[in-house]
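Okay, so here's the structure we're looking at.
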Amino acid sequence: MTVTATTSRGTAAEWVARVRRLLKDMEQQSHDMERQRRLLEELIAAAPATSGPATPFQFYEQVRVLAGRKSHAAIVGKLGIIAGRDQGDDGRWTYAVAVEGDDTWSIDGRYLEPTGRVFTRDALYSGESVKVRVDAKGRGQIGRPERRK
Numbered sequence: 604m605t606v607t608a609t610t611s612r613g614t615a616a617e618w619v620a621r622v623r624r625l626l627k628d629m630e631q632q633s634h635d636m637e638r639q640r641r642l643l644e645e646l647i648a649a650a651p652a653t654s655g656p657a658t659p660f661q662f663y664e665q666v667r668v669l670a671g672r673k674s675h676a677a678i679v680g681k682l683g684i685i686a687g688r689d690q691g692d693d694g695r696w697t698y699a700v701a702v703e704g705d706d707t708w709s710i711d712g713r714y715l716e717p718t719g720r721v722f723t724r725d726a727l728y729s730g731e732s733v734k735v736r737v738d739a740k741g742r743g744q745i746g747r748p749e750r751r752k
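All the letters of the sequence shown, read from the start, carry residue numbers 604 to 752 under our numbering.
Dropping the structure here:
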């Protein structure tokens with residue numbers, strides 16, 4: 604005599620067969636996910652190392668400050684000129700931007716937009732310099748300003 608167990612979803616044998624199909628489907632999905640993971644890793648490896656502009660802004664290039672950081676809220680939309688730049692270990696560029704009517708700000712390149720204009724150094728610097736004389740005790744004294752030639 605054979606006893607057949609039943610559940611609300613069919614016999615035990617049908618239930619086991621269903622579970623086996625689900626396990627097989629899960630194994631296939633896992634295999635597909637692993638293949639997708641490898642493809643994504645290849646894309647990441649092929650991507651540029653930086654966020655923001657692929658090519659860094661040039662020195663003395665005019666840029667517009669974009670929204671993105673609360674600390675820059677006062678200068679969003681203003682124009683500035685690139686006065687310096689640095690690429691971090693993570694590949695991101697950070698720029699020293701002389702903002703019109705304001706100070707020079709340190710801004711992540713993701714929050715800058717090019718205007719297409721590039722100036723010369725003279726647009727940013729007057730050419731004047733200060734001569735400092737240092738005595739034998741290490742004390743400095745400011746001399747007369749000189750004009751850059």
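Even glycine gets a Cβ: it sits at the ideal position worked out from N, Cα and C.
Straight-line CA distance for residue i to residue j?
i	j	result
D689	R724	18 Å
D711	V619	58 Å
V622	E637	22 Å
L646	L625	31 Å
Y728	I745	19 Å
A677	G671	12 Å
E644	S633	16 Å
S709	Q639	38 Å
A615	Q631	24 Å
W696	S674	18 Å
Are the CB atoms of residue j and residue i within a distance shorter than 8 Å?
i	j	result
Y698	L669	no
R667	E716	yes
V735	G743	yes
V721	Y663	yes
A686	T707	yes
T718	Q665	yes
Classify residue i as helix, strand or coil using the three-state DSSP reduction.
i	result
S729	coil
Y663	coil
L669	coil
V735	strand
D689	strand
V619	helix
E703	coil
G746	coil
G680	coil
R695	coil
G741	coil
Hey, is the segment 670-682 in contact with the segment 699-718, meaning 3+ C-beta pairs nearer than 8 Å? yes
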